[in-house]
Amino acid sequence: MKKIAIITNFNITEKANAALAVAYRLRQHDCEVITAAYNKDKLARHGIPNAHAALTYVSQDALYDEAELLLVLGGDGTILEASRRAAMRKIPILGINLGHLGYMAELEMEEIDLLDQLFTGEYTEEKRSMLSVEIIDDGKARISSFALNEAVITNGSPVARMIDLELSEGGTSIASYRADGLIVATPTGSTAYSM
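Everything in the sequence shown is counted per this note's numbering, starting at 5 for the first residue and increasing by one.
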C-alpha cells in the first residue's frame, strides 16, 4: 500500500497523539499518510512537535479519492461515519479502538505493530453487508446514503407516534406494520443490538 488515510477526531489530544504514532509507524514502510487538510490547524493547536512531518494534508474529497485504506482511530461511531463515505468508493477500513466498546475495531493501540502486516500481505479482508438508503419523494430521490449498521424509519417527531408502514422488496409487498418505527439492520447492526 502506498497511500493510507487516517481519520480521527484531531480535536482530542489523545487521539491526535495516537494518529501521529500510527502515521510514523506507517511511514517506516515508505507509505504516504494522508488526512483532511482541516486537521492541520487542529494539530497546531495541540503544539505537538514535528506533527506535520508524518502527514500529508489533502481535501476531504481527495482523502476518499486517493486512499487505498482508511485507518479509523476512535470508537464505533467514528467507524460508522467513515464507512458511509468509504462505501461509495469501496475503500477498505481498519479500525483502531480509541472508544469505549470498540465492537467494530480490529486493533487496540497496543497492537499497532500489527500494522506492519499491511505491507507483508499477512491479513484478510472481511466483507460486510451495507444498506443503501434513499428517501424518495414524488419519484425523485431526495436523500441517499449508506449504512453499515441500520436504517431507522420513524415519523421524525421526537415523540413516538404510530405510523402505518408497508415493507416491500423489488415491488413485492412483504408485510404491513402499524408501529412507531421500523429498524432495518445489517448483520453488523443486529449483532451490535444483541450485545
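Backbone N, C-alpha and C fix where the C-beta goes; we use that ideal spot for every residue, glycine too. Nothing here was measured: the structure is a model prediction, and the numbers come from that model.
Beta bridge counterpart(s) of residue i as assigned by DSSP
i	result
K7	E36
Y181	L169
D141	K144
S136	F150
I4	Nothing can be reported for residue 4: it is not among the residues displayed for the chain, which extend from 5 to 199.
Top-ranked residue by Cα proximity to residue i, from the options
i	options	result
G99	P162, E170 and G81	G81
V26	N15, S63 and I11	I11
L169	G160, S161, A183 and T176	A183
G160	P53, L152 and I139	I139
G33	I167, D117, G143 and R132	Residue identity check: residue 33 is His in the sequence provided, not Gly. The option with the nearest alpha carbon to H33 is D117.
L152	I38, R132 and A22	R132
L84	A71, G106 and D69	G106
P53	V62, D65 and Y28	Y28
A20	E36, M5, L59 and G125	L59
H50	I16, L122 and A66	I16
E18	A179, N101 and I147	N101
E36	T124, E72, A86 and G193	E72
A86	K46, N13, A164 and S180	N13
Whole-number beta carbon distance between residue j and residue i, since they are thought to touch under 8 Å
i	j	result
R93	F150	Going by Cβ atoms, the distance from R93 to F150 rounds to 11 Å, so no, they are not a contact pair.
A9	L77	So it is not a contact: roughly 11 Å between Cβ atoms.
L122	M5	6 Å
key: Uninterrupted alpha helix (DSSP H) stretches inside the stretch 40 to 123 (no shorter than 4 residues)   = 43 to 50, 64 to 70 and 80 to 93
task = Spell out a yes or no on whether the stretch 142 to 156 and the stretch 175 to 194 are touching, meaning 3 or more CB-CB pairs, one atom from each, closer than 8 Å.
result = yes
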